[in-house]
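Student:
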Amino acid sequence: MPYVNIKITREGGTTPEQKAELIRGATQLLVDVLGKNPNTTVVVIDEVDMDNWGVGGESITVRRKAGK
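Residue numbers 1 to 68, in full-length UniProt numbering, belong to the letters of the sequence shown in order.
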């Protein structure tokens with residue numbers, strides 16, 4: 001049973017339709033590339049607050065304010 005965990009920042013801009021598309025697309029990728037059964041493929045989307053996600057020693061909040 002494949003398990004896919006997608007982590008994205010929580011900005012209020014990701015719609016339920018976009019999330020559904022991510023789930024469909026990740027599932028289909030496993031079907032196409034690895035021949036996995038879509039009925040047993042699990043996809044979880046975690047939305048992380050930008051203050052709780054860091055890159056290069058800075059939170060995403062700080063990086064986006066700085067235009068990085």
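The beta carbon of each residue, even a glycine, is placed where N, CA and C say it ideally should be. Quick caveat: nothing in here was measured; it's all calculated off a predicted structure.
Within 10 angstroms of its Cβ, does residue 66 collect 16 or more other Cβ (buried), or is it exposed?
Tutor: exposed
Student: Starting from the C-beta of residue 8, find all residues in its chain whose C-beta is less than 8 Å away, skip the five residues before and the five after it, and write them out in chain order.
Tutor: 14, 45, 46, 47 and 48
Student: Taking the continuous beta strand (DSSP E) assigned at residue 9, which residues delimit it?
Tutor: 3–10
Student: Give the DSSP bridge partners of residue 33, in chain order.
Tutor: Partner(s): none; residue 33 has no beta bridge.
Student: What residues in its chain sit with their C-beta under 6 Å from that of residue 41, if we drop five residues either side in the sequence?
Tutor: 2, 27 and 30
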